[in-house]
Structures are given as structure tokens and as C-alpha cells.
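First to last, the protein sequences are chains A and B.
Start counting the first sequence at 53; every next residue gets the next number (the working numbering).
Start counting the second sequence at 53; every next residue gets the next number (the working numbering).
What follows is a short report on a single structure.
Protein chains: 2
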Amino acid sequence: MTKSRKPTPPPCPVTYALEIFGDRWTLLVLKDLILEARYRYKDLMAANSGLATNVLADRLKRLEQRGLIEKTRDPQDGRQFVYLPTGTAIGLIPMLVEMIAWSARQGVSQVPPEFLERIERDRAGLIADLTEQVERNLEAHRAIGG
Amino acid sequence: MTKSRKPTPPPCPVTYALEIFGDRWTLLVLKDLILEARYRYKDLMAANSGLATNVLADRLKRLEQRGLIEKTRDPQDGRQFVYLPTGTAIGLIPMLVEMIAWSARQGVSQVPPEFLERIERDRAGLIADLTEQVERNLEAHRAIGG
DNA sequence: CTGTATCCTTAGGGATACTG
DNA sequence: CAGTATCCCTAAGGATACAG
Numbered sequence: 053m054t055k056s057r058k059p060t061p062p063p064c065p066v067t068y069a070l071e072i073f074g075d076r077w078t079l080l081v082l083k084d085l086i087l088e089a090r091y092r093y094k095d096l097m098a099a100n101s102g103l104a105t106n107v108l109a110d111r112l113k114r115l116e117q118r119g120l121i122e123k124t125r126d127p128q129d130g131r132q133f134v135y136l137p138t139g140t141a142i143g144l145i146p147m148l149v150e151m152i153a154w155s156a157r158q159g160v161s162q163v164p165p166e167f168l169e170r171i172e173r174d175r176a177g178l179i180a181d182l183t184e185q186v187e188r189n190l191e192a193h194r195a196i197g198g
Numbered sequence: 053m054t055k056s057r058k059p060t061p062p063p064c065p066v067t068y069a070l071e072i073f074g075d076r077w078t079l080l081v082l083k084d085l086i087l088e089a090r091y092r093y094k095d096l097m098a099a100n101s102g103l104a105t106n107v108l109a110d111r112l113k114r115l116e117q118r119g120l121i122e123k124t125r126d127p128q129d130g131r132q133f134v135y136l137p138t139g140t141a142i143g144l145i146p147m148l149v150e151m152i153a154w155s156a157r158q159g160v161s162q163v164p165p166e167f168l169e170r171i172e173r174d175r176a177g178l179i180a181d182l183t184e185q186v187e188r189n190l191e192a193h194r195a196i197g198g
């Protein structure tokens, strides 16, 4: 045998989180699923230049196993699928928002100025609004015929 | 030529953040530096089982180049160094707190119950307290003779 | 369109020996 | 103690062809 990997369950919450989305693509996909309402395979592919088909398929599978997304039929087109974030994934909104805010403070453009302004002034409200928005998006995509 | 890598500067704030700490170790090191007040090489090594010396050295170098930490003489022992988080790094506290809170909500033990309770009830206060605590730790380590 | 299946390359990182 | 320097190896991931 090759020197068995330590299967020690992660005691550290940061380690735990990194095990789920601490790679090159997973968090980007989650961001698309949660904040950009990209629920379809092709949309996720189109949004992430450089992402390979096998990698996306793998990440979606893992996220489903971990309970962060649900794979269901597209009500608008029964031949397609939609990947919808679960409550667990939606719970990542505060962390994503803080990450985006930090990058914005470092000078990353592409962040709407009103976003940064709002988060400094009314973070709780912003997060509440975003969460509500996501819920509405999901509702629309669950409704048959949309 | 091998098909030149796109040097496109990252327009996405999540991508930007991941470029800095989107690997297996950097965020763990940052957590130690920021929340655990581990400022010395040996402490960082001891805290992260499996971390190799060359990898830690590399991460510290990158973080210094990126302006997230400052390498200075240890005032308590002029032969040693201390790596102190800068304001930029301290600005990651909200994100780290949200990440930890999310993991705790997923059932990760090792998170003090009062932490989770506090963040739900008084997030702003918790973050303010943590930030203040960090500032005090840094002050103590900057003072000569400590 | 939504994946699977391969193949192949590379960067990340583990182990270890060694230096100031 | 605080790194540097190697060596090596594996897992992650890019490219592409193909299948349901």
C-alpha cells in the first residue's frame, strides 16, 4: 500500500468548508447558482471560460451529494435539467457577499459601486434582499411552465 | 509554444479572491495569523499538520508580496521573525466569520457554541470585538520587549 | 443539450536533506 | 529555528472525442 491517507474527520470549520469548495471551480459555480441564477449546464459552461465539461459534471455531482444543489427536470423543457441551490447553499450568501466586498475594497472593478456602498451601510438588509431574490428566482424555476 | 495562458486580469471578485487564497493552505494560514494570533513560523507549522516547510515559506512569501502580511523582527527575540497580518488581511475577518458560521450550521463541531449563538444575535458586535482583539494582539507583538 | 470517457500535461505539494 | 533546495508523485484539470 502507498501510505494510507489520513481519513481524520476535519475538526476545523475552515478546513471543512475548504473540503467542499476549496478548489479552483466549485465556488465559482456556486456563485453562479446562487447569485446569478444560472441553473442550467450550458449557462454554467458559458459563464466560466476554461471550465471543462467533465469538471463541471464532477462538481455538480459532488455538490448534489453534499446536499448543496438539487438536480431536477426543467419545467420549461422536460428534456433538460436544472440545478437548484438548496437552503444549505443559500446559507453561503453572507460569506459570498463578504468575499465580494473584500475584493471590491482591494480595488477589483466589476463590482457595482452601489453594492459596496450598500454593504457598508446596510449589510443585513442587503443580505436579506439577496436571499429573498434567490428564493423568488427558485420559485419561478420550480413553477411549471414558468 | 504551448498555447499561451490567458493573462486576462480577473474581472470577477470571487476569482480575484480565489487567486489569493483559493488553494489548499493559504486560507488556513491566514486564519492562524488573523484569528489565532500565530505569528511565528514554528507556530504555523505546528498548527497545520501536513504542511510542508517549503509550502509554508512559499505561502508567506506570496502573502507578503500581496500585502496581506508584514515580515518583521521579533521584538522578543531579534533572531526570529514574526509575520503580522496587515489591515488588508484583517479585513478578511467578516468573511472568515461567515465561513466558520456556515460550517458550524452544517454541524461541524469544534466551533464554540457561544460563537454560533453570538453571530446569529449580534454579528456586527462579534466582528467588531474580534477585530479589536486582533489589533490588541498585534500591538502587543509590535511593542519592544512585549 | 448533457453529459461520459480518455488521454495527457502540469502545478501543487509531500518527503527529506541540507544550510545560515 | 527558519528556512532553501531537490526530488518525486499524484491529483486536478485542460482538450477532445463521443454517447444518450
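Virtual Cβ for every residue (Gly too), placed ideally from N, Cα, C.
This structure is a prediction, so every number in the text was calculated from the model and none was measured.
Under the rule that 16 or more other beta-carbon atoms within 10 Å means buried, what is residue i, buried or exposed?
i, result
"A:N106", "exposed"
"B:D84", "buried"
"B:P65", "buried"
Using only CA atoms, which one of the options lies nearest to residue i?
i, options, result
"A:R76", "A:A104, A:W154, A:Y91", "A:A104"
"B:L182", "B:Y68, B:R157, B:E150", "B:E150"
"A:Y68", "B:L80, B:L108, B:R173", "B:L80"
"A:R194", "A:Y91, A:P65, A:V66, A:P63", "A:Y91"
"B:Q132", "B:I171, B:D95, B:E166, B:P165", "B:D95"
"A:L112", "A:S101, A:L82, A:D174", "A:L82"
"B:T140", "B:P165, B:Q117, B:L168, B:F167", "B:Q117"
Straight-line CA distance for residue i to residue j?
i, j, result
"B:A180", "A:P146", "17 Å"
"A:T78", "A:A176", "26 Å"
"A:R125", "A:G74", "28 Å"
"B:M97", "B:Y135", "13 Å"
"A:A99", "B:L108", "33 Å"
"A:G119", "B:P127", "49 Å"
"B:S101", "A:R173", "40 Å"
"B:N189", "A:P165", "33 Å"
"B:E71", "A:S161", "15 Å"
"B:G130", "B:D110", "22 Å"
"B:P63", "B:E184", "32 Å"
"A:L148", "B:L148", "11 Å"
Considering only residues of the same chain and omitting the five flanking positions on each side of residue i, which have a CB-CB separation below 8 Å?
i, result
"A:V186", "I86, L87, A89, P137, I142, I145"
"B:S155", "V163"
"B:L168", "A153, A156, R157"
Terminal residues of the continuous alpha helix (DSSP H) containing residue i?
i, result
"A:V134", "Per DSSP, A:V134 belongs to no alpha helix (DSSP H); it is in the beta strand (DSSP E), 129-137."
"A:D181", "165-194"
"B:V160", "B:V160 -> no alpha helix (DSSP H), and no H or E assigned at all."
"A:N106", "105-117"
"B:D84", "78-87"
"B:R68", "Looking at the sequence provided, one finds Tyr at residue 68 of chain B rather than Arg. That run of the alpha helix (DSSP H) goes 65-73."
"B:Y93", "93-99"
What are the boundary residues of the beta strand (DSSP E) that includes residue i?
i, result
"B:E122", "121-126"
Excluding the 5 residues flanking residue i on each side, which residues of the same chain have their C-beta closer than 6 Å to its C-beta?
i, result
"B:L115", "I121"
"B:L178", "R170, I171"
"B:Y93", "none"
"A:K123", "E116, F133, Y135"
"A:G159", "none"
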